[in-house]
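Residue numbers (our numbering): 2 to 200. In this text, a Cβ means the ideal position worked out from N, Cα and C, and glycines have one as well. Working notes for the structure below.
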Ligand code: ADP
């Protein structure tokens, strides 16, 4: 059965950093919809042209476009054994699409790692990242909008996954190494709870 590990959390929570470390240690690819979209923008594809102004405003790219892009990514050979999802799902509709995509592949979401960080820390980190990486959506105004969009559209997913018994909350307000150790432990125990014959 392919593995599907979902990282979930507000912008600036460090989920991308943690997803990339876990991907390296498990040997399954990190699939970041933010990175995929930025690559479309950089290459100047039709999707990139649509996504660019939306991303710069801090809003979400429409579900159908993101899901189509994700589906194409998952069809690549390296994702055959599963993927670590970073930045997807971000809406309830995306969570439903992900379930359907995984079901078709004979899988399901194994565990959802919620990287929890206080708002004040998030803004601080994102403003620092603006200086380091120069991302077009790391301006003060856009950061406020992205946090608002997160609270309205994405945060409700926590309840959904909690009810499904898949949510593990991790305190993201600690050193990268400490968070990574917690992530690794959570993934290990999530695996152990998979009933025999389903793994
Ligand atoms: P962050 O971790 O700071 O939220 P991302 O790189 O995950 O940054 O996303 C940057 C932007 O890309 C988002 O603000 C949004 O416009 C777009 N985006 C990324 N993933 C999705 C998604 N699953 N659905 C809709 N839009 C997305």
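Counted as a single uninterrupted DSSP element, the alpha helix (DSSP H) harbouring residue 125 occupies residues 120-134.
Within the chosen limit of 7 Å, the ligand ADP does not reach the beta carbon of residue 5 with any heavy atom.
Residue pairing from DSSP leaves residue 27 without any beta-bridge partner.
With a beta-carbon spacing of about 19 Å, residue 148 and residue 54 fall beyond the 8 Å limit used to define contacts.
Taking C-alpha positions only, residue 116 is separated from residue 180 by approximately 9 Å. Put simply, the backbone Cα of residue 136 is about 8 Å away from that of residue 130. Around residue 166, the same chain offers no residue with a beta carbon nearer than 7 Å, after the five sequence neighbours per side are excluded.
For residue 8, the closest alpha carbon among the candidates 65, 28, 25 and 32 is that of 32. In this structure the segment 30-49 lies against the segment 85-99, because at least three pairs of beta carbons, one per stretch, are closer than 8 Å. Annotation: residue 159 to residue 95 spans about 13 Å, alpha carbon to alpha carbon. Here the alpha carbon of residue 141 sits roughly 11 Å from the alpha carbon of residue 126.
Where residue 98 is concerned, the enclosing alpha helix (DSSP H) starts and stops at 93-105. Residue 133 and residue 57 have their alpha carbons spaced roughly 17 Å apart.
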